[in-house]
Structure formats: C-alpha cells, structure tokens
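One rule links them: number in my numbering = place in the sequence shown (from 1) + 549. All residues carry an ideal CB built from backbone N, CA and C; glycine is no exception. Working notes for the structure below.
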Amino acid sequence: MRNMNHDINEIIQKMNPDRHEIAQRQAFLEIGETDCQLLREVHAKLAERQHDFIATFYNHLSQFPPLQKLLHSPEVLARLKQTQAAYFERLTNGEYGDDYVRNRLRVGVAHQRIGLAPQWYIGAYRKYLSGLMSVLRELLQDEPDKFFPTYDALLKIVCFDMSLALDMYIQSDRYEILQLKNYAEQIVGSMPAGLMVIDREGRIRTVNHAIRDMFSLDKHGMSEGKRFSQLLSNQLLNECIEHGLAQQDYQNNLVITLHADTNSLRYLRCKISHALLEEQNLLLLLVEDITERMQARAKLYESEERFRVAFGQAAVGLGEVCPDGRWLRVNQKLKEIIGYSEQELLQLSIRELTLPEDRHLDQVEFARLLGGGIQNYSREKRYIHKNGTPVWVKVTVAPMQRGNGQTGFIKVIEDIVQRKQYESELQRLAHHDPLTGLPNRNLMKDRLDQAIAHVSRVGRHVAVMFIDLDRFKNINDSLGHSVGDEVIIEVARRLACSIRDGDTVARLGGDEFVIVLSDVARENDVALFAQKILDSLFVPIVINDEELSLGGSVGISLYPKDGKDGVALLKNADAAMYRAKALGRNNYQFYAQEMNAKAFERLKVEGGLRHALQRNEFVLHYQPQMDIASGRMVGVEALLRWQPPGTAGIAPADFIPIAEESGLIVPIGEWVLRTACAQHVAWKETGFPEVRMAVNLSARQFRQKGLEHMIARVLQETGCKATCLELEITESVIMDDPESAAETLRKLSDMGVQLSIDDFGTGYSSLSYLKRFPIHLLKIDRSFVRDITTDPDDAAIVKAIIALAQSMKLKIIAEGVETSAQLEFLREQQCDYLQGYYFSKPRPPAHLQEFMAKWLESLPPSAKDDLQGIVSCK
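Here is the structure:
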C-alpha cells in the first residue's frame, strides 16, 4: 500500500491552486501589503511569547477526550508542540505566496488523515485568536492605533488558512472516496464470478469482466443502460429477473446452460438478490461458471458407473471391506463362489467366512497392510460355503480410500477349487501309480528311506524285494493292453493283501513291483514271505472266463548287509531279480556279491567316456518339434549319441547315467550346448527358418557354479541368440534345492533363454514350483503319451497336465507321438507342440537339413498350415 506522503502529494497535485486563484482568494479576504507589513512588525515579538501560548493551548486541548487519544505520549506531545509553534509562527511572517499555500494545504491533509475533524481545527484557531488578542494589545500599548488594524490583518490570514484547510479536507475525502471506488471496481472487475447490477426499470447499471465473457456481452457494445433482456439470452434466467424486479416469488439460485462460441456447453450458477444503493432498489445477479465442476462431476459419475459395471460383472469375486473385516459391498461372482446373498454377506465378517484352520494365515500380512508396511498381499485360503463345504480361494487384498476419507480394503477373490483339484490329482499321480493306485517309485523311495532310518536305531533289518512278472509280455501282446491292465490290477491287489501294516508295495512300471519290508528280524522270515508272494502269483487269474497263468522272479536285498541306502538296496535287489530269471524264473534269490559283474562293465564305460570328447566320438542327432495348430516346425531337440570305433553305438541310457554319476556330464554337456548352438547358426545361414534349439541340462550341469556365465559365453562365441535356445530341466533336478534352482532359473530367464520342464508328470508335479519358477513350457513324458488312446488313466493324466498348463498360461509339448490317433487326441486337448517318430526320428544334421528342405518344398502355398501335408514329408 502507498504511504501517506505519496497520497498527500497526489492530493495537492490534483488540487493544484495556481497564483491567480491564490491572489483571488486573498483579494476576496482583502489581504493587502499593509496587512502583511503590520504582521511583520509584530512577528518577532509574538514569536518570543509563542512558548507560553502553546503550553496554555495544549492544556486546553487535553481536556477533551477525543483529542486525548492524539496526545497520549510525552514524545508525541513534544513533537506536536514544536510543529504547532512553527505553524502559528508562520502566520505572522508576512509571506503568503506559493510555498505558504502548499505548506497550509499539507497541514490540512495531514489533519484529515490523522482523524482531526474540522471542528477541532476551527476551535484551535478560535483559541489561538482569543489568546493572542490580549498579547497583541499588550505589545501595541504604545501604539494603540495599530491594534485593530493588526488584529484585523491576523483575522484575514487565519480565514485564508482555514479556507485552504477546509478545501483540503473536502479534497482528501473525495480522494479517499475515489480510491475506495477504484478499489471496489478492481475487486469486482477481477472477480471470477460474474456480477450484474440491474435497476428497477430493468436497465443494466454495472457489469464486470467475468459476466461479459460468460454472456459474450462485448459483441453487443456498451452494456450499461440497456435492458437485461436485450443481452441475456436464457429465457429461464430472464423470467427469474423479471419476477425479482416485480417483487414476485422467483428462483434465486438456478443453473443454466449456454452454448459458447466454440460450440461447447457451459454451465452457469445464477444467484439473484436485492440491494439498496443510493436509496434505489437494485437487483444483483451473481453468476458462477461451474462448467469444470460439472464436467468433473460427469466424469466422476462416468468413472463410478464404469467401476460399478466392472465390479458387478467381473469374472472374479470382488468385495469392499472395512478395517474390522465387515463386508461393505460384494459383486455377483463373489456371491456365486460362497453361495450367500448380498444381504447375508453384509451381516458376516471375513473371519466368520474363513475356515477356522485358516483364520491365522493372513493375520500378519493384514496387520502390515494396516500399518502401511506393504501395499498389498495375496494368500490362498479356504472360505466356508453356505452349504458348509470348504471353498479354496486366492485372496488379494489392497487398501483403497473411500469417499468419506476413511481407508477401506478391496479384496479380489479367485475361485481356485478346480486348480486345487488339478494340483491334488497331480500330487496323487506324482506319488501313485495311476493304474493300480499303488505307491510309485518316488513314494517307495521315501518309504524305504524312512524304514532304513527307523531300523538303524533299533538294530533290525529292512528287506527290499524286486518282483518281475513271468510270462506277462505274452499275455499283453496276445490278449491286448486292456487284459494286461486287468492282470496288473489283480497282481497289485494280491501283493497289497500280502503285506503287513507298515510295509510298502509299489509299482515301478510295466510288470515290475517292489515290496519294502520295513522291520525284519531274520533273513529266514524274508524267505518265507518271498515264497508266499510266489505262491500268490502262481494262482491263475480269471479274466473273461479264461484262466491266465503267471509267475514271478523275485530279487531280495537286505539292509544293512547289502547296502547302506535305498539306491544300493534297489540296485542289488534288481541284480538278484535278474539272477532269479536266469535260474529259470518263478523263484527268489538273495543278493550276492558276485552279482556285481555289471560293475566292471560300468567302469569300462566310464573309462571310454573320459576319452570320448578328445576322440570326437560324440555326435548330435536332432528331432523336430511341430506346432499342432499351424503345422510349422517350431523347434528341434538336440539328442546326444556315442559312437566308439568298432561299435554300432552305445545307447544313451547305458552311458548318460554313468556320465552323470562320474561328473563327466559337465564337459560333455558344454560340448552338446556349443555344438547345438553352432548348428543352429549354420542352419540359419543357409536360409532355413529360425526355430528353437532345445538342449537337455543334466542335474550335475544345473548345479555347477557359474552355469549362466558358461551359457552366455557359448551363446556369444557361437553367435546364437538366447531367445532361440531352450533348456530342458527335469522336475527332480529343480526340487533337489528349490531356492538355489529358483535363482539359477531367474538368471537364465533374464538372459532371454526359454526354460521347459522335461518329463513332466513323472516327478513331483507340484503346482507351487510352477508359480515360483520362470518356466515357459511343460513337456509331457512319452510314458503317458504312449497309451493315451487306450489307457483311460494315461488319458486323464495328459488331460490334467494340459489343463494345468493352460490355467498357468504355459505352453506344452508332448513327446513320443507315434500315431495319428495320438495326434488327434492331443489336438482335441489343445496341446501346443508335438514331437515323435510320427513326424521324424532323431536325425544327423545333414539328414535333418534334407528333411527340412523337403518339408518346405512339399508345402503348397495354399496348404502351409496343413499338418497332414507336413507328415507326408517325413
């Protein structure tokens, strides 16, 4: 804000009395040179008496309460006395020109600004003149003739002073009024709300800029003086103003819409009120542009409507809950999952809906969520359906701000009952033989390890009996697989009925069974039991009114005499079983040391493996992998072959386990990876399609430190892209050390390498690890594919695995496809990829290159997606 001196100077500048006006005023008061001379003659003497007069003057002023406020402190009083003495002294100096006038004008403005009313100003002069009369008489007692002329001259100057002061009072008031008017106009003009003042005749008195813009009044020229109805185009608003002017009932708060120049719609809130100004009844129209608010409200409504629709129609259960666990809102899917109506759910808490055994599961996470420690969490748990049955769900919880400012929570509830059923079924299949329901190899190994741990503490024995059926192959080949399956089921029943509680009978596959006797006192007891088994197998099996005769060869090993762990006991029992077959079948044999002639053969193989790399005895064959939907070849699997000089080759099953156990698989595996990647690049350079190269990783390779660095080095040195490499790992390798495996798999996935689970379904088949590991593809083992068209159990397993992969958004490949019936079955189940002799056997690189060339040539442009066209190229 500007200071007082600036305002005083501006007021004086505006008044700007010129010399002519000053002279005119003085002439009107009859102030002449004689008057000035008379006052000059007494000036010095009056100045000497000034101090006494000023003291008397201020004593008089201090008697009045309004003036006491101006004289509140000694410092202020002293300064005022000094100023007042100078002021009165100048009255008689005889100089009344421009400087004198400006000084008197300044004093007048100053008095007005400090609140000294004219009445006190005039009263002060009266006191001055009254007190000065006696002083002047005393000073002129020797010249009595000059008293009246001198006093008359003083009255003229005092009146001249008062006229100037009163003019300044008036001018200063006008200046303040003008300043307030300008200030008010600036405020009104800069208001974001529009203002229009209308008089009783309906004429516009005042409008501000905002209302001009809102109603586009500038295009009509000057608005003031015109009737409002000429400028305001909204009929409803005009009717309300007319009623207001007529003092009738009217709507004083309404929202109207106007089309702006840009053809956009504007929303205006109009308020009408009465005001009395200058004794006139005026109508005030206050207009607020609420377009943005209405647009925001419309967007909010639209957003809320979209949320309401999405919330209600979501494919997963959704619910809004408060911190104490009460439901506030639920959608249709949640009601379907739990079986309750919305009204029923709103009366229940989360705790009441949760199975008692699961209520503790998410207490810690929910507390952390409440405290802001985490942003959300997910948990699998069981709710209680209205019919009382448990319902598996996956619950994801996240905080949300509600409209009242309080924090609520949104729960996403997924129905995972079917997935849990798949998982349960796969868990069962992972540990049990699907045909007989007996424990499989994995479960049998666990039971065997438990039995060994138990008897090692009590000093007793464990017996392992390896059983292979005699003459089963003849029955299976002559009467068919269905009869063979019935035979296996009956044998399993007889074996299960023969054992004690605590013992285990397992089916390893085909016609091989293992019995674990968990607590044996004497070897003779085992012999008696073995003969009991043989006797039960010798009893004919009747199927379709036909008697089928079987027998069995049984090999027996004992802990701790024949092995310190389950692996050794199984191996030695297997060796004893082959001894029993060699001795004419249908007998049992205990393991003996001389049965380990195979050990020598193993050492021989291992010795050859140690030099095979240096002698270039390894080669790779490649088997195509086909896309079942498009018929295109999408990949090849690299398969290791060993061809020592002078031999027809050694089967992979005879040397790969030995290479794994001896550790030679690590350098061999790196050679396989490098050779496969180089071959991939070579094929690409010849112009063949870029397909995936699948390479198996052994357990020893996977566990070696720096695996990812070795793979990265091979990719860089061969020029093969990481995205073109697929590494196949078995379930058992991953589950040996899940935490370490997860870290290794993440590193490989981050490189861009594709990862697949080989022989899926024969190992752990755990859904939990599929969710934890960055797996891209599952490979169904050939043992399940072989009989999918004849064996309902294998078909069920394959269906479950494919359904699981689809639910987890994983690709799936079936290996061992050999017939068109198998192909059609897998096509119906929407399997992604196929591999097997139906398309091509594993081929050397050159032969596969020829296969690829014929495949491409054989595909007519109109039938490139025809899978049968590809099969014809095999």
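Exposed or buried, what is residue i when buried is set at 16 or more other beta-carbons lying within 10 Å of its beta-carbon?
{"i": "D1084", "result": "exposed"}
{"i": "R1262", "result": "exposed"}
{"i": "G1115", "result": "buried"}
{"i": "A1125", "result": "buried"}
{"i": "G581", "result": "exposed"}
{"i": "L588", "result": "buried"}
{"i": "F1087", "result": "exposed"}
{"i": "T699", "result": "buried"}
{"i": "P614", "result": "exposed"}
{"i": "I1424", "result": "Residue 1424 lies beyond the range of the chain shown here (550 to 1423); nothing can be said about it."}
{"i": "D584", "result": "buried"}
{"i": "E1277", "result": "buried"}
{"i": "P1238", "result": "exposed"}
For residue i, collect the residues of the same chain with a Cβ closer than 6 Å to its Cβ; drop the 5 residues on either side in sequence, then sort them by chain order.
{"i": "L1066", "result": "A1012 and D1052"}
{"i": "A1344", "result": "I1337"}
{"i": "F1021", "result": "D1060"}
{"i": "L1416", "result": "Low confidence applies to L1416: its pLDDT is 38, below 50, so where it sits in the model is not reliable enough to give any reading."}
{"i": "V1040", "result": "none"}
{"i": "L1319", "result": "M1357"}
{"i": "F1078", "result": "none"}
{"i": "I706", "result": "L640"}
{"i": "A634", "result": "Q599 and I603"}
{"i": "G643", "result": "C585, L588 and R589"}
Can you tell me which of the options puts its alpha carbon nearest to the alpha carbon of residue i?
{"i": "E1209", "options": "Q668, F1251, H600 and G922", "result": "F1251"}
{"i": "I1064", "options": "R1020, R1128, G1100 and L997", "result": "L997"}
{"i": "L1119", "options": "R1134, A1131, F1139 and T605", "result": "F1139"}
{"i": "V1282", "options": "L1294, C1273 and A1271", "result": "L1294"}
{"i": "R1113", "options": "K935, H1010 and L910", "result": "The residue you asked about is not Arg; residue 1113 is Lys in the sequence shown. Selected option, being the one with the closest Cα: H1010."}
{"i": "I886", "options": "V940, S772, A1141 and H1325", "result": "V940"}
{"i": "T840", "options": "Y816, Q784, Q1253 and D647", "result": "Y816"}
In the DSSP output, what is residue i paired with across the bridge?
{"i": "G866", "result": "I962"}
{"i": "T1339", "result": "Beta-bridge pairing links T1339 to no other residue."}
{"i": "G1058", "result": "E1061"}
{"i": "I1016", "result": "F1062 and V1103"}
{"i": "C819", "result": "L803 and V836"}
{"i": "K930", "result": "V942"}
{"i": "D1176", "result": "Y1382"}
{"i": "A634", "result": "In DSSP, A634 forms no bridge with anything."}
{"i": "H1010", "result": "V1069"}
{"i": "G1184", "result": "Q1174 and R1241"}
{"i": "K1296", "result": "In the DSSP output, where bridge partners are listed per residue, K1296 has none listed."}
{"i": "G743", "result": "V836"}
{"i": "H808", "result": "L814"}
Between which residues of its own chain and residue i is the CB-CB distance below 8 Å, once the five residues before and five after are set aside?
{"i": "T1339", "result": "H1030 and S1031"}
{"i": "S1411", "result": "For S1411, the predicted model reports a pLDDT of 49, less than 50, meaning its position is unreliable and no value from the coordinates is stated."}
{"i": "T1235", "result": "Q1398"}
{"i": "I1214", "result": "I1205, A1208, S1247, R1249 and Q1250"}
{"i": "D1203", "result": "V1154"}
{"i": "G1033", "result": "F1021, I1024 and N1025"}
{"i": "H823", "result": "G793, N830, L831, L832 and L833"}
Does the beta carbon of residue i sit closer than 8 Å to a beta carbon anywhere in chain C?
{"i": "H981", "result": "Any reference to chain C falls outside this structure, which holds one protein chain only."}
Inspect the beta-carbon positions of residue i and residue j and report whether they are closer than 8 Å.
{"i": "L1188", "j": "H1170", "result": "yes"}
{"i": "I1105", "j": "M1014", "result": "yes"}
{"i": "Y636", "j": "V650", "result": "no"}
{"i": "T956", "j": "R1056", "result": "no"}
{"i": "D1176", "j": "Y1386", "result": "no"}
{"i": "V879", "j": "G888", "result": "no"}
{"i": "I1346", "j": "P983", "result": "yes"}
{"i": "C819", "j": "L794", "result": "no"}
{"i": "V942", "j": "I959", "result": "no"}
{"i": "V865", "j": "I962", "result": "yes"}
{"i": "V1183", "j": "V1103", "result": "no"}
{"i": "Y971", "j": "L1353", "result": "yes"}
Using a Cβ-Cβ cutoff of less than 7 Å, which residues in the same chain neighbour residue i once the five nearest sequence positions on both sides are dropped?
{"i": "Q1192", "result": "E1166, V1168 and G1198"}
{"i": "E1406", "result": "none"}
{"i": "L814", "result": "T806 and H808"}
{"i": "W1220", "result": "L1162 and F1167"}
For residue i, verify whether its CB is less than 7 Å away from any heavy atom of the ligand MN.
{"i": "A742", "result": "The ligand MN is not part of the structure shown, which contains no ligands of any sort."}
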